[in-house]
Structures are given as C-alpha cells and as structure tokens.
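Quick note: to get this note's numbering, add 9 to the position in the sequence shown (first position is 1). Glycine included, every Cβ here is placed at the ideal spot set by N, Cα and C. Remember, predicted model here, so these are calculated numbers, not experimental data.
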Amino acid sequence: MTILLNNNSFKYETEATVKLFFPAERFTFLYEGSQADGDLIMTRLKKGRKYTYLYVYVRIGSKSLRKSSKLENSRISDSDCEFAICRLLFDLLCRITGKKSEWGLITGIRPVKKVNALIEQGFTKDEIYESFSQKYLISKKKMDIAYHTAITQLPLMPEFDKKRISIYVSIPFCPTRCTYCSFVSHSMDSAKKLMPEYISHLCRELEIVGEIVDRYGLTIDTVYYGGGTPTSISSDDLYRIMKKTSECFDLSSIREYNVEAGRADTITEEKLAVIKEMKASRISINPQTLNDAVLREIGRNHTASQVIDAFKTARKLGFDNINMDLIAGLPTETFESFRQTMKEVMELDPEGVTIHTLTLKRSAGLYADGKENIKNPASEMVDYGNKVLLEHGYAPYYLYRQKNTIDNLENTGYSKPGKESLYNIYIMDETQTILGTGCAASTKLVDANNSITRVMNYKFPYEYINRFDELMNKKNQIHDFFAV
10 MTILLNNNSF
20 KYETEATVKL
30 FFPAERFTFL
40 YEGSQADGDL
50 IMTRLKKGRK
60 YTYLYVYVRI
70 GSKSLRKSSK
80 LENSRISDSD
90 CEFAICRLLF
100 DLLCRITGKK
110 SEWGLITGIR
120 PVKKVNALIE
130 QGFTKDEIYE
140 SFSQKYLISK
150 KKMDIAYHTA
160 ITQLPLMPEF
170 DKKRISIYVS
180 IPFCPTRCTY
190 CSFVSHSMDS
200 AKKLMPEYIS
210 HLCRELEIVG
220 EIVDRYGLTI
230 DTVYYGGGTP
240 TSISSDDLYR
250 IMKKTSECFD
260 LSSIREYNVE
270 AGRADTITEE
280 KLAVIKEMKA
290 SRISINPQTL
300 NDAVLREIGR
310 NHTASQVIDA
320 FKTARKLGFD
330 NINMDLIAGL
340 PTETFESFRQ
350 TMKEVMELDP
360 EGVTIHTLTL
370 KRSAGLYADG
380 KENIKNPASE
390 MVDYGNKVLL
400 EHGYAPYYLY
410 RQKNTIDNLE
420 NTGYSKPGKE
430 SLYNIYIMDE
440 TQTILGTGCA
450 ASTKLVDANN
460 SITRVMNYKF
470 PYEYINRFDE
480 LMNKKNQIHD
490 FFAV
C-alpha cells in the first residue's frame, strides 16, 4: 500500500490511522504526486488566505472514495490539521472496509491518561463519555473499560514527589524466543558466553545507580525485574543480582517488589525460594495459554501442567500476590480453547490476570503470517476475558495499546482489590521517575510538569558490555535532573 502525503508531514498519525484497519500491511511513503499503482492513501493540505483545505483520497482494490473539509486559519494549529485529516481518513476507511474500530481515532498507547486528565479537571462521567464519543468516536464498551481503569487507579496515584522513584532491572534472556515476541531478548544457547560478563556489568550499574540514589536522598517505591525472563538464569546468578539490589538500595520502605518469573520451563522451587528470600512481594507466572497445542505453535517448550505446577509451588512457598499473563488471538487458538484457559486460570485463583492481545511486530516471527493471524477471534476472547474477570471480583487497573494489534484491541491488567501492581500503573501513566538498569532498559525522568527525559541503555548485551563506560557517562543526565 502506498501512502502519499502532499504538502504535509503527518506521517506518524496517518500511518497509525491506516494501521487501525490494516495492521499487517507494509507501506511505501511518497511526499509528492497524485498517483501510484495498487492500493493508495492520499492526503493533501492546501493553505489559503482565510482557510486551510484538507483532502483525503482512498483507493482499496476496485473501490475508491474521497472527502474534504476546511478549517479557519485563525483558529487552528498543525495538530488540529493533522487530527482533521486523520478523522477524514478514518471515516473513509470505515466506509470502504466495512470495519469500525471500537477505539475510534485513539491511536496513542495510553488512553486512560486522557481520561485521568479530564477527571482531574472536574469533568463528570457523562461529560467524559460524551467528549470521547464526539471527538474520538470511541465505543461505549471501550469507554467503559477505560473509565473503570481510571477510577481504579485514582486512589493508587500518589502526589507527585520528585524524590520518590522506581527501579527497573533487565535480565534480557529467555530459553527460546516465542514466535510472537518482539522484545530485545536472547536465547540461552546464544547468550551463555555473555552471561558472566553481563551479570558483572549489571551489578556494577546497580552500584552506580545506587550511589545516585544515595547522593540525592531518593526513596525507592517499587522494584521490577523484567526481561526477557529473569528466571532463565541460574538460581545462584539470580541470588547474586537480587542480593546486589538489596545492598545498593534501601528497600526498607519499598511498597512493591516485582519479579517476572515468566515461563514455566524456567521456574524451579529453588529459584522461587531465592525470590522469596530476597523479599519480592509480587511475581508473574505467565502461561499465555493453557492449551498445549498452542504452546507448541508459539515455540514454548513447556506444557500447561508445568504452568499449574509452578503456580502451586509458588503458593506453597507463601507467595500471595501472583499475576498470570494471557494472550488473546494466538495462532491456532480458538474461542473455545481460550474459554477453557480462562476456566483453569480462575480455578487457580491468582491475584492478578493480564490479558494481552496478539500484536504483529515486524521483529516477531509471526509477522510474516500477519494476515492469517488477523482472522483469529481475538475481540471475542478479550470481551469474554473481561466479562469473566469482572464476575470473579477483579477490576482493571492499567491499560495500554500498541500499534499492529489484532482488531485494534488493548492490553489490560486486572487484579483483586489491593493487589494492583503500582509499578505497572507508574510505567503506563508516566507519573513517576523510573531508573532503568541493564540491557535495553529505559530511564524515564519525570518532573513536576510531567515533562519526561529518557535515557536509554544499549539494546544488545554485547553492546551493553563493550560500551559500558560510555553508557555510564550517560548517567550524568540523571545527576543533572536531580541536582536542580
């Protein structure tokens, strides 16, 4: 498909709008002209003396439609023009494809943030629903989940305090790479030779970040171990990193300590005992599905029974806040098998369940078969999961969206009251500074005006190791931020 932008540079939002309807499509971008072979999206902006004129043309197969509008120059900005063009485009794509995105024109990943902003301004529930319906064309069903999430978050959102922060620790290794995965992670076979050096450098970075925390009198709210799969490393190595974390940071007043235990083929009683000994308060055991055939299809070397065994072992060791991740729309998954997974998860009775929707990322193995995967009944699965979880006393507490997600759906974390993950709320709502350590970790420095400065670690372990000193020099940005 060709996207032709005449006299405008609205590439990002135009592409995001088209992807609502064609998530697995590849695009060619042109910036002048009026024709191209095949499917075509053309947008044009023309500024007159009093008005700015907006034109959109769509040709998909043998069907074509066009639409135009005008905006008064004295009342508009570039962002107004961009939104207006995307609204025209959205309408044409709805008509030409016969599809209607339930999230409407919302292409950003944090819709709940918009709801929170209106609540803080004093808008009523009815006014918020009306605003989103009129401006973004969002359905009531999706508005319900966004508003419910915002209301759950409200009492958990602290007053801004620059000196209260969270720590993220990256362990970017997995036993194998799942076919849906786009994260920067490395299989254990290819990473074994890097492991000792990586862990040594990670421990050194924890020391350096710990010195920054001490110097500026910062308080740790939450710690989160992610990856990758943190439990893919040995229990000794896991103990070493977690011990170093406790040595480098004062965790005496910590509100939450998360470890992604992740895949059942990496979880042992010994590793869970280490996590428990190091005082982690919340873990995730993530089956994605409890259908063995689907597990094989996505490249997981474990069975559903191993997931259940891992969960029961965690319970035996005293873990009382366990989350389980599921993915709606996995290849070969049916609605019936997803319903069976939900039934078995409810029998385990975890404190949290996160329902993700399959996302077709270009770096993931499934992307090549993206158009086939779009046929999966992901929307029905997500709706059913929401219904079951609400019936069992769970409430949505964080929600985010991604580009290239099947059916333009969302990822939602649900929990029982009092078991919400504060870190997940902070990272999604971007309300607190998070200092990232390890390969591909991102540091987000949040100030009182909600302005965010990002400091990115190198993506790959070999680069993280070989350019470690250069990377540590980037930590001066953290010093500069807290020194003010």
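- Item | Where the beta strand (DSSP E) through K352 begins and ends | Per DSSP, K352 belongs to no beta strand (DSSP E); it is in the alpha helix (DSSP H), 344-357.
- 3-residue-minimum beta strand (DSSP E) runs that sit fully inside the segment 227-277, ordered along the chain: The segment 227-277 contains these whole beta strand (DSSP E) runs: 228-236, 265-271.
- Query: Is the Cβ-Cβ distance between Q486 and L454 less than 9 angstroms?
  - Reply: Yes, these two residues count as a Cβ contact at 9 angstroms.
- Query: Could you check where the beta strand (DSSP E) with Y66 kicks off and where it finishes?
  - Reply: Looking at the DSSP string, the run of the beta strand (DSSP E) that includes Y66 is 60-69.
- Task: Could you spell out where the alpha helix (DSSP H) holding N458 opens and where it closes?
- Result: Run containing N458: none; DSSP gives neither H nor E here.
- Spatial distance of T366 from L63 (CA atoms): Answer to the nearest angstrom: the Cα atoms are 34 angstroms apart.
- Item | Neighbourhood of F320 by C-beta distance below 6 angstroms, restricted to the same chain and skipping five residues each side | The residues are I294, L357.
- Message: Helix, strand or coil, according to DSSP, for L398 in the structure here?
- Response: Three-state DSSP puts L398 in a helix.
- Item | Cα-Cα separation between N16 and L49, rounded to whole angstroms | Cα to Cα, N16 sits roughly 17 angstroms from L49.
- Item | Where the alpha helix (DSSP H) through L127 begins and ends | For L127, the uninterrupted alpha helix (DSSP H) run begins and ends at 120-129, by DSSP.
- Sequence-distant residues of its chain with Cβ nearer than 8 angstroms to P32 (five each side left out): Excluding residues within five positions, the ones whose Cβ falls inside 8 angstroms are L369, G379, I383, K412, N413, T414, I415, N417.
- Task: Look at the alpha carbon of E125 and the alpha carbon of I364, and state the distance between them as a whole number of angstroms.
- Result: According to the sequence displayed, residue 125 carries Asn and not Glu. So the alpha carbons of these two residues sit roughly 22 angstroms apart.
- Task: Could you tell me which residues DSSP pairs with S73 in its beta bridges?
- Result: R68.
- Item | Simplified DSSP state of N16, which is helix, strand or coil | Correct three-state label for N16: coil.
- Message: Applying the 10 Å Cβ sphere with the 16-neighbour rule, what's the burial state of T350?
- Response: Classification of T350: buried, given that the 10 Å Cβ count is 16 or more.
- Length-filtered (4 minimum) alpha helix (DSSP H) runs lying within the segment 401-468: Segments of the alpha helix (DSSP H) lying fully in the segment 401-468: 431-438.
- Message: Using the three-state DSSP reduction, which class does Y393 fall into: helix, strand or coil?
- Response: If DSSP states are grouped into helix, strand and coil, Y393 belongs with the helices.
- Nearest neighbour of R58, chosen from S83, T52, L39 [CA to CA]: The shortest Cα separation from R58 among S83, T52, L39 belongs to S83.
- Task: Could you tell me whether the segment 177-184 touches the segment 142-155, where touching means 3 or more Cβ pairs closer than 8 angstroms?
- Result: No: the two stretches stay apart, fewer than three of their Cβ pairs being nearer than 8 angstroms.
- Beta-ladder partner(s) of K79, from DSSP: Beta-bridge analysis with DSSP links K79 to Y62.
- When we look at the beta-carbon of I461 and count the other beta-carbons within 10 Å, is it buried (16 or more) or exposed? Result: exposed.
- What does M333 pair with, by DSSP beta-bridge criteria? Note: M333 sits in a beta bridge opposite V362.
- Item | Reduced DSSP category for Y177 - H, G, I as helix; E, B as strand; rest coil | Here Y177 sits in strand by DSSP.
- Cα-Cα, which of S255, T61, W112 is closest to D89? Distances from the alpha-carbon of D89 to those of S255, T61, W112 put T61 closest.
- Three-state class that DSSP yields for K28 in the structure shown: Helix.
- DSSP three-state assignment for R476, whether helix, strand or coil: Here R476 sits in coil by DSSP.
- Item | I94 versus T440, L335, V65, residue with shortest Cα-Cα distance | Check the Cα spacing between I94 and each of T440, L335, V65: the tightest is with V65.
- Go ahead and label Q44 buried or exposed: buried means 16 or more other beta carbons lie within 10 angstroms of its beta carbon, across all protein chains shown. So Q44 ends up on the exposed side.
- Query: What first and last residue would you give for the alpha helix (DSSP H) that runs through R104?
  - Reply: Residues 87-106.
- Item | beta strand (DSSP E) segment containing F38, residue limits | Unbroken beta strand (DSSP E) run through F38: 37-39.
- Could you name the residues that DSSP lists as bridge partners for Q297? Answer by DSSP bridge pairing, in chain order: L335.
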